[in-house]
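Residue numbers (my numbering), protein chains in the order written: chain A, 1 to 300; chain B, 301 to 615; chain C, 616 to 1166. Backbone N, C-alpha and C fix where the C-beta goes; we use that ideal spot for every residue, glycine too. Read through the structure below, which is laid out as structure tokens, and then see the notes.
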Amino acid sequence: MASSDTVLIPELGAAAVPRGRGRGRRVLSLVRKQPLGVFGLAVILVLAVAGLAAPWLAPYEVNDIGAGQPLEGMSWAHPFGTDSSGRDMLSRVIYGARISLAVGFLSVIGGTAIATAIGIFSGYVGGWVDNVIQRVADTLIAFPALIFLLILVTVLGPSMRNVILVIGIGIIPGVSRVVRGAVLSEKQNQYVEAARALGASTPRILFRHLLPNVAALAIVIMTTLLGTAILAEASLSFLGLGIPPPNPSWGADVNAARNSFPIHIPWAFFPGAAISLTVLGFNFLGDALRDLFDPRLRGR
Amino acid sequence: MQAYIIRRLMAAVVTVFVLSLAVFWLLRLIPTDPAVLILGMNATDEQVQGLRHEMGLDKPILQQYLDWMQQLLTGNLGRSFVTHSDVGDEILSRLPVTLELLALTVAFTVLFGIPFGIISAVYQNSLLDYGVRVVAVFGLSIPTFWLATLVILVPAQQWGYSPPIAQTVGLLEDPWDNLRQFVPPALILGLTAAAGIMRLTRSSLLEVLRQDYIRTARAKGLQERLVILRHGLKNSLVPVVTVLGLQVAGLLGGTVIIESIFTLRGLGQYTFEALFRRDFLVVQTMALYIAVVVVLMNLLVDILYAWLDPRIRYS
Amino acid sequence: MSNGNYWNDIFWRRMSRRRLLQTGAAAGIGLGIAAACGDSGQEEGAQQGGESEEAKPGGRLQYVSSVNFDGVDPFRSIAAGTAIYPRVYNSLLRATAAAADTRVFDLAQELEQPDEVTYVFKIRPSVKMAPNSLGAPERDLDANDALASYEYAKSVPESNHGAFIKQYNVTFQAQDASTFIVKTDGPYAWTLERLGSPIACIVPREFIQNNVDLKQQGAGGNAFFIRAYRDGEVVSVDRNPNYWNQPLPYLEGIDYRVITDRATWRAALLSQQVHYYSAENSREAEDLVRQQGRLVYIKDPSYSYVSFIMNPDVDPQYRDPRIRRAISRAINREEFINTIALGDARPSGVVHWSLTDYALPEEELNERYQPFDVNEAKQLLREAGHPNGITIRMMYPTPQPTIDRYVPVLLSQFQAAGIQVQQEPVDFATWLNRYRQRDYASSLSLNQVYETPETPLNWHISVGPIGDGSYTRGLQDPEVDAAVRKANTTLDVEQRIEAVKEAQRLIYSKDPLMLNIYTSYSNILLWNFVKNYRSGIGTLTLAYNDIWLDR
């Protein structure tokens, strides 16, 4: 679902309940069994390092309009060319990793945390509470995600904090639904029954028993959602409601490039490629994690 | 079953009500005065206050909401202060565009998503499986707006060709031009969605194929292909139908980016424009419309479940 | 003053909207703040296509609006509509300071000025209403229609030109059906430009009596009438068969199509689905002509600009003229022009250069009034007691591709002079709201198209640009107020030009709060079969209905 015009929800059916067993795999066999996953992880690590070390890695200041002439092509001085203000695109792409990853991680971690809490609560308590929560989630899940995000951003105003907030809110309904499903099936398990029989309190069962078992699932979902979140940020930027300039957001840069003529390929290509590569990395990683966590899909 | 549906419908009314109230309230939190936007840069304060009063914006929010509900109950969606057009008429005139885009998109999604999902599952871990999966992940990773820009710009640059722009061509009026207009955006939406459906079909089918009854069927000596198609596929479609249902519901609300790039006069563009113009009436009506559509689609999907998987029984 | 021949040598004007709006629209902003639309320049109005060619009737011009329509109500619509309804309704005449020696008479055919405050218009006979289903008979329009329209504009609080009527206590009188008299309560320099603005439309009085909603429909005595209005897609106007100046218009009609995405617009141009394109800059225009030799490139001065504006009511440090001057000295307009306009623009003073007669000479501005001098800026800050520089807050609308590009340039220039900026990006609607209410410390400001120096000067007076203290309270300086008043009330053109320049010099001596950056060009591309396309005359283009298609 590259289009954030569709829905912000992980693929439900595939996210089966993972078990907390058999995780001790060796790196080597991992590379052999999950080459794409390792590739994804490598991409993410490279980007994360680039983002963290941006001030040292980037050849120019991110908003240095004197870095080069406007719309320069690829050269040794500017491997990714320059934009219409003469800013160095390599530097902007490197700094952009910071923003994209920050938006991705913060929104997804925050959103998933809240969604997991809601999902566990809803699934465990059940009854009418569960019913109400699920009906609201139903509607929010299928509400066109982009329109939902747009309304929220319009209300809050454009800023990095608000973009993170809004994407975080956007993923809550879908994730809480998946987590709830997992809780429902975990609830049938003997260990919960046993804990209850032993007189464990509800919060204790929730946090000591259910949470750890649902956590693996949450991690798988989060990995896939990271890609979705980064695309969502790019889509918001496309519509001009993303992170306000002059911040080096990849989505905003692609959009500035596609709205600027004469067409200048490097300007548009590199931030666009960075988006795709990042999302690709998270998707590969997410797939690998799912295979790893879900024994039923393993090896067959 | 009947009792179940009635119960669901009642819950639906509550959901829709809560959602409409939330959107109504959210919109009024926007720190902007619609009157200022309508009047523009040369307006004096006196003008702004006058228009605010005319639009009812000076009333308490709850009062505004009740006024709106009252108007809705008379079956009248109201007239926009910004465009002076009837909201119901606008929605109706844009619905055909949205519906056609939806139909084609879902068709492409199913056409590419499910067969490749099956192939990938049947030949699990083969080179073919890997190939299909990697392509699908690429499909999930490319921003739609970027792909759409290329699709519209490259043929125009190279051959001076582009689909009909800024005009709505009816399907019956001119089928060829109509398809030239709708197929490219539907393909883009459909292919990216197909990537998700393909992955889902694959994993879902794999799971079903491991179930005992499939083993039994195999043991009985049924042909492999029959096993898959007769037993596996139908059951594995349950989650696929869920996601397709969500997709349909989402598309019924319109797509913002694709409509904007391909200049399709659909509901997404309508909502988006309204949001920018602070045309609250249109945004809240569209939110209400979407909520209704979504709730009904969810119900439909649940009913489909029961048909697809006889083990599911509603009481 | 009258020039009856004008209609004979036939006209048309491209009605491009402000560049700023265009770029804003590309990102999806569908809101216009343009009161008048258009940008153009040279005195005489260049024409595409030789006059010797014989005009072919028929065909539909495919035009483009890069923002969605906000209606075609001649009294209320302020953005895309201002390019359409002037072709539907008449004005008494059309006039603009952007083409000062040209006046195009329309519903009036003659003008007499018995004294400084009185304008007597002789109404043209047989300006006949277009066929319509809106309840106006196909009769000749006369002075009573003009009276009804202006009185209505005065009574509608949100009307386009009501503010001017109220501000100068303009009175109207239909002496008889063929004589219309306009009086101001004192000498006012821009009366004809106001009356001749494309938004000063005259509608048949039946519409006003019957309260006809003109937002999505309309017909009048001008060359076209509205046939179809589809929000977000197209407005189609058709030829008025009753038009008084036959055989005009040659066109069967014009379709104004909404294309908000630049890439899509470009595709539509290249596939000949639309005949008009406004290029991002000269480089793109040249690039397109290289690629498709049958495109014609027309370059026109623009009448708009971006400014940096300070508000001492919120941030008292701007009360110190040394700080204002330091900020002025920190701005490097040449760098702006090179990085944003790709070298294709000129610095703007208080009055932008495209209003040729009224602007101060570029050398005078660069050397004397707004030179770029970082050292002086730092020195001034030191003198003002800030050896380590200052920190300011700056609001700006986003997303606005134009503004988005100004921000990094301005930030780096300010930083070099020791001025740190706390950014306050807000969405366009919020920005407009806060700007109006003077709720900003400083702001980047998108300005409208100004075809007279009146409003650019008014930004510096105590009552602000629209006379009610909105946006800014100016320099709060009686001398400036008096000098601007003098400029706006001097009727003699030569003296007025001097008065406008004197007012600017005075404003500079007080270190203005509003600093205009530069003004660029519109880069129009047309397919070569579009003939008689007038350019270089500002909104006066809309007065010409002789465009035709050679295909």
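Between leucine 226 of chain A and chain B, is any beta-carbon pair separated by less than 8 Å? The beta carbon of leucine 226 of chain A sits no closer than 8 Å to any beta carbon of chain B.
Anything in the segment 154-167 of chain A with a Cβ closer than 9 Å to a Cβ of chain C? List those residues in chain order, please. For the segment 154-167 of chain A, the beta-carbon criterion of a distance under 9 Å to any beta-carbon of chain C is satisfied by Thr154, Gly157, Pro158, Ser159.
Of all the options C/Glu848, C/Gly847, C/Leu866, which has the alpha carbon lying nearest to the alpha carbon of asparagine 855 of chain C? Relative to the Cα of asparagine 855 of chain C, the nearest Cα in the group C/Glu848, C/Gly847, C/Leu866 belongs to C/Leu866.
Can you list the residues of chain B that glycine 272 of chain A reaches, using a CB-CB cut of under 8 Å? In chain order: Pro443, Trp446.
is_contact[isoleucine 648 of chain C, chain A] using C-beta, thresh 8 Å: Since pLDDT at isoleucine 648 of chain C reaches only 31, below the 50 mark, its modelled position is unreliable, and the value read off the structure follows with that caveat. Closer than 8 Å: no.
Mapping the DSSP letters down to three states, classify phenylalanine 80 of chain A as helix, strand or coil. coil
Neighbour-count burial assignment, alanine 194 of chain A, 16 or more Cβ in a 10 Å radius: exposed
Name the chain B residues whose beta carbon is nearer than 9 Å to that of aspartate 828 of chain C? His384
Relative to the C-alpha of proline 1014 of chain C, which residue among A/Pro245, A/Asp291, A/Thr224, A/Thr228 is closest? When each option's Cα is compared against that of proline 1014 of chain C, the closest is A/Pro245.
Check the Cβ-Cβ distances between proline 245 of chain A and every residue of chain C, and say whether any is below 8 Å. yes
So who's on the other strand from methionine 1009 of chain C, going by DSSP bridges? C/Gln1038
Could you check whether the Cβ of isoleucine 874 of chain C sits closer than 8 Å to any Cβ belonging to chain B? yes
Suppose the cutoff is 7 Å on Cβ atoms and the five residues either side in sequence are ignored; what does the same chain contact list for glutamine 347 of chain B look like? Leu339
Three-state secondary structure (DSSP) at arginine 87 of chain A? coil
What's the gap between the Cα of methionine 1129 of chain C and the Cα of alanine 960 of chain C? 19 Å
If you measure from the beta carbon of arginine 881 of chain C to each beta carbon in chain B, is any gap under 8 Å? yes
The beta strand (DSSP E) with tryptophan 1142 of chain C in it runs from where to where? 1136-1142
Bridge partners of proline 962 of chain C, per DSSP? C/Tyr1133
For leucine 440 of chain B, which residues in the same chain have their Cβ closer than 6 Å to its Cβ, ignoring the five residues on either side in sequence? Ala495
Tell me which same chain residues have a C-beta within less than 8 Å of the C-beta of isoleucine 164 of chain A, skipping the five on either side of it? Ala102, Val103, Leu106, Ser107, Gly110
Quick check on glutamate 725 of chain C: does DSSP put it in helix, strand or coil? strand
Would you kindly report the start and end of the unbroken alpha helix (DSSP H) that includes glutamine 677 of chain C? Run containing glutamine 677 of chain C: none in the alpha helix (DSSP H); it sits in the beta strand (DSSP E), 675-680.
What does DSSP give as the partner residues of threonine 733 of chain C in its beta bridges? C/Asp730, C/Lys798
Are at least three pairs of beta-carbons, each pair with one atom in the segment 697-704 of chain C and one in the segment 1048-1061 of chain C, less than 8 Å apart? no
Under a CB-based cut-off of 8 Å, is serine 655 of chain C close to chain B? Unreliable placement is indicated for serine 655 of chain C, whose pLDDT of 34 sits below 50; no coordinate value is reported for it.
Would you mind stating whether valine 406 of chain B and leucine 552 of chain B have Cβ atoms separated by less than 8 Å? no
Could you spell out where the beta strand (DSSP E) holding phenylalanine 482 of chain B opens and where it closes? Segment 475-509 is the alpha helix (DSSP H) holding phenylalanine 482 of chain B; no beta strand (DSSP E) there.
Reference alanine 421 of chain B; option with closest CA among B/Ala591, B/Gln370, B/Glu507: Selected option, being the one with the closest Cα: B/Glu507.
Would you identify the three-state DSSP class for alanine 67 of chain A, choosing helix, strand or coil? coil
Are the C-beta atoms of serine 504 of chain B and some chain C residue less than 8 Å apart? No, no contact with chain C.
Cβ atoms of serine 237 of chain A and isoleucine 302 of chain A: under 8 Å apart, would you say? Here chain A comprises residues numbered 1 to 300, so residue 302 of chain A is not present and cannot be evaluated.
Among all the DSSP beta bridges, which residues are the ones paired with arginine 872 of chain C? C/Val679, C/Val849
Chain F contact for aspartate 757 of chain C (CB, 8 Å cutoff): The structure shown contains no chain F; its protein chains are A, B and C.
Once the 5 residues before and after glycine 643 of chain C are set aside, which same chain residues still bring their CB inside 6 Å of it? With a pLDDT of only 28 at glycine 643 of chain C, under 50, the local geometry of the prediction cannot be trusted, and the value read off the model is given with reservation. Result list for glycine 643 of chain C: empty, nothing under 6 Å.
Leaving out the 5 sequence neighbours to the left and right, which residues in its chain are closer than 8 Å to glutamine 302 of chain B when beta-carbon positions are compared? Nothing meets the Cβ criterion.
Taking all protein chains shown into account, decide if glycine 656 of chain C is buried (16 or more other Cβ within 10 angstroms of its Cβ) or exposed. Model confidence at glycine 656 of chain C stands at a pLDDT of 33, short of 50, so the residue's coordinates are unreliable and nothing is read from them.
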